[in-house]
Amino acid sequence: MSGIQTMFNKSKAGNAAIPFRKSRIALFTLLVLYISAYGMWIMFDILNSNSMTLLEYALLALFSITFTWIVTAFCSGCMGFILQLLRIDPLTLKRQKPITIDPQALSNSKTAIVMPIYNEDTERVIAGFEVSLRSLLKTGQFAHFDFYLLSDTQDKDIARNELKAWHALTARLGETAKQVFYRNRTDNKHRKVGNLADFCERWGSQYEHMIVLDADSIMTGQCMLELTTSMINNPNAGLIQTIPIPVRQETFFGRFLQFASVLYSPMLATGSAFWQTNQANYWGHNAIIRVEAFINCCGLPVLEGKAPFGGEILSHDFVEAALLNRSGWDVILLSDVQGSYEEVPSNILDYAIRDRRWVQGNIQHLGLLPSSGIKLMNKLHFLLGATAYISSLIWLSMLVLSTVDAVTRAMNSNVYFNQPYQLFPTWQIAKTELIDSLLFITIGLLLLPKLMGLIVTLIHRNKQFGGSLKLIFGSLIETVFAIIVAPLMMVFHSYFVVCVFLGKKVSWDAQPRSGRMVPWKEAIGYTLIATLVSIAWGGVAYYYTPTFFWWLSPILVGLILAAPIVRYSSSIGLGVRLRKMGIFICPSEIDNDDTLAALRVHEQEIALPSDEVANFTIPALPQEQPAVMPIQSFKRQGLSKRKLARAAKQRIKEKLLAKLDY
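For the sequence shown, this note's numbering assigns the number -6 to the initial residue and increments by one for each residue that follows.
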């Protein structure tokens, strides 16, 4: 639990209570720059041994980008490791304390829990919605919350099922149903952005806060109370983000993702919260937002121009966080609040398809880097988010250029006189020690955060993973599989990045979340080209430069065996067997969270009524209190609008502080 409730002084509105804000950013920046520069210098020295060609200058430039990206994640992980090891809150730098729920403060506010959905599995959505609602009901504080299921569903059959399921839900809830609402938007203009904007403009002004859930989100009542309390205690906060922990996975790949996330994410998020302070990011769900701030600051425009940088803003969450920061609101990451869950794709192909949408949205953010008024930290979020995917194309390009360079040098290795009338031979120099050093440094930067995450977990919560031996064995399997699957994900992401820059659009449909065994035909169809190219690639490398081939072999193996990896990693049977052995066990399974246990029961019990007995009347909605979300500008003339937004923000803060004083 976080000590955020004690970190903010009413009279100072938050910022002054985060110590050493500028020093943290400076420390993080210096560490990243120093380690990155050292690696770049080693690479330059290696390439410059025999005079650099244009190809090698390009290789150095690509290496510099990927190495800096790796160093950034490493430094963030180190900071999170130290803070978690000592159990220090990353914001206050004090010992972590549990959040104290104040019923009186809750009674003076009203919060909406909103779940936007689009063509989803109706039974799963209703089950997740209901168990989160009932978990909050158990806390005794339900009177201060309303629940909204905001449907953008366009499929008529699914919409019909939603209506049937909704009436069955309200019948089960009885009197509680007075605080629960369903709305189907027949015109899903602007997708999720438009869905939330519609809620804000019709009913948002009735609430101080809204907790945004995804269709696959589950959140405990205690987590909702802690988020709301944290928001009440920090009048300067516009948004507070939790870490959604993946749960309920059965396939090997799903359990691999789930285990890795719960093992490493808290540490990495703690490090991020340390140096991002009050300028953290928004991930689109499992977060609480101050509604009036969101209405005033987060009306998103349609960007001028064509794809990939023009059109509707796809990854809206990063941009909304930037707009809140631009108007002076804090965006905070709580790295240790429990009870915030989500579900993830169960196999590599569905996982890659989800990433395809994120690739397009994150690359679009690069077009916003020159935007007026966006703070430097938010521009860094934009840049890092895009680099997370572009780095795959850079990595692939580096491997291709390295192969070309190695083959070229191998073919010319016996040529010692390159110029006419050359008196002395040109000897080829290989700085083996530097090459080995750079290789070990890179491996260390990639693997040390995993080791640090394992150490923190062994010290503080190994019993939640089934004990030390099972935790260590599971982390070894996770590391090996992550290495095996990395080349395939590199190829997928590289292809997606190229498609985005070529202007190919992607559909943003409902995500498949249930476990399934990927058929051989599908696995081969998605990986055949990569497999054939890698076989030819390996053959050329082995023929001309066997030494380089063995260095390249871990990447080639992952690509040559891509289809079997996709197929067998989607196995439900393998995932279940590992769980019975205690491998990839997670805290949510050891602790047997009541909300997750209830979800399993609800999924089995919920059945849609037949059309003969179903109620198809349109559910009643609360009386509307219209508000307008002004469209924000990223141009220079938008500066006056930002001044107005800041003035509005100050008025909101004054009202909140007066309410707290009262």
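Every residue, glycine too, gets a C-beta built ideally from N, C-alpha and C.
Contact set for residue i: own chain, Cβ-Cβ below 7 Å, skip 5 residues either direction
{"i": "residue 498", "result": "300"}
{"i": "residue 18", "result": "268"}
{"i": "residue 461", "result": "451, 455"}
Bridge partner(s) assigned by DSSP for residue i
{"i": "residue 565", "result": "For residue 565, which the question treats as bridged, DSSP gives no partner whatsoever."}
{"i": "residue 35", "result": "None, per the DSSP bridge assignment."}
{"i": "residue 560", "result": "According to DSSP, residue 560 bridges with nothing at all."}
{"i": "residue 104", "result": "138, 202"}
{"i": "residue 323", "result": "230"}
{"i": "residue 212", "result": "333"}
{"i": "residue 143", "result": "109, 176"}
{"i": "residue 296", "result": "304"}
CB contact flag (residue i, residue j, <8 Å)
{"i": "residue 59", "j": "residue 25", "result": "no"}
{"i": "residue 359", "j": "residue 302", "result": "yes"}
{"i": "residue 21", "j": "residue 268", "result": "yes"}
{"i": "residue 364", "j": "residue 577", "result": "no"}
{"i": "residue 112", "j": "residue 272", "result": "no"}
{"i": "residue 509", "j": "residue 308", "result": "no"}
{"i": "residue 117", "j": "residue 596", "result": "yes"}
{"i": "residue 110", "j": "residue 145", "result": "yes"}
{"i": "residue 288", "j": "residue 197", "result": "yes"}
{"i": "residue 99", "j": "residue 221", "result": "yes"}
{"i": "residue 367", "j": "residue 376", "result": "no"}
{"i": "residue 217", "j": "residue 296", "result": "no"}
{"i": "residue 566", "j": "residue 248", "result": "no"}
{"i": "residue 334", "j": "residue 212", "result": "yes"}
{"i": "residue 317", "j": "residue 231", "result": "yes"}
{"i": "residue 138", "j": "residue 172", "result": "yes"}
Where residue i sits in the DSSP three-state scheme
{"i": "residue 188", "result": "helix"}
{"i": "residue 84", "result": "coil"}
{"i": "residue 305", "result": "coil"}
{"i": "residue 335", "result": "strand"}
{"i": "residue 63", "result": "helix"}
{"i": "residue 10", "result": "helix"}
{"i": "residue 578", "result": "coil"}
{"i": "residue 480", "result": "helix"}
{"i": "residue 234", "result": "strand"}
{"i": "residue 3", "result": "Here residue 3 scores only 37 on pLDDT, less than 50, and its place in the model should not be relied on; the value that follows carries that caveat. If DSSP states are grouped into helix, strand and coil, residue 3 belongs with coil."}
{"i": "residue 175", "result": "strand"}
{"i": "residue 475", "result": "helix"}
{"i": "residue 239", "result": "strand"}
{"i": "residue 457", "result": "helix"}
{"i": "residue 367", "result": "coil"}
Identity of the residue in the options nearest residue i by Cα
{"i": "residue 611", "options": "131, 274, 154", "result": "154"}
{"i": "residue 104", "options": "136, 114, 87", "result": "136"}
{"i": "residue 66", "options": "144, 622, 486, 443", "result": "443"}
{"i": "residue 208", "options": "428, 124, 261", "result": "124"}
{"i": "residue 438", "options": "32, 48, 63, 29", "result": "63"}
{"i": "residue 440", "options": "120, 469, 594, 168", "result": "469"}
{"i": "residue 96", "options": "334, 215, 357, 540", "result": "215"}
{"i": "residue 622", "options": "190, 248, 101, 186", "result": "190"}
{"i": "residue 329", "options": "264, 573, 352", "result": "264"}
{"i": "residue 513", "options": "559, 75, 568", "result": "559"}
{"i": "residue 472", "options": "91, 150, 42, 436", "result": "436"}
{"i": "residue 343", "options": "244, 266, 368, 587", "result": "244"}
{"i": "residue 55", "options": "393, 74, 121", "result": "393"}
{"i": "residue 428", "options": "27, 15, 32, 13", "result": "32"}
{"i": "residue 93", "options": "361, 225, 71", "result": "225"}
{"i": "residue 77", "options": "134, 257, 230, 492", "result": "257"}
{"i": "residue 175", "options": "168, 163, 185, 181", "result": "163"}
{"i": "residue 552", "options": "574, 525, 199, 573", "result": "525"}
{"i": "residue 127", "options": "353, 239, 589", "result": "589"}
{"i": "residue 52", "options": "484, 325, 306, 390", "result": "390"}
Cβ neighbours of residue i in the same chain (closer than 6 Å, five flanking residues each side left out)
{"i": "residue 531", "result": "549"}
{"i": "residue 556", "result": "516, 517, 520"}
{"i": "residue 571", "result": "577"}
{"i": "residue 496", "result": "300"}
{"i": "residue 73", "result": "260, 261, 263, 264"}
{"i": "residue 279", "result": "210, 235, 237, 333"}
{"i": "residue 315", "result": "367, 371"}
Within-8 Å CB hit, residue i to chain B
{"i": "residue 272", "result": "The chain inventory of the structure shown lacks chain B, comprising one protein chain alone."}
Same chain, Cβ closer than 8 Å to residue i, neighbours up to 5 away in sequence not counted
{"i": "residue 381", "result": "62, 355"}
{"i": "residue 351", "result": "308, 382"}
{"i": "residue 431", "result": "32, 35, 36, 39"}
{"i": "residue 447", "result": "256, 464, 465, 468"}
{"i": "residue 396", "result": "530, 533, 534, 541, 545"}
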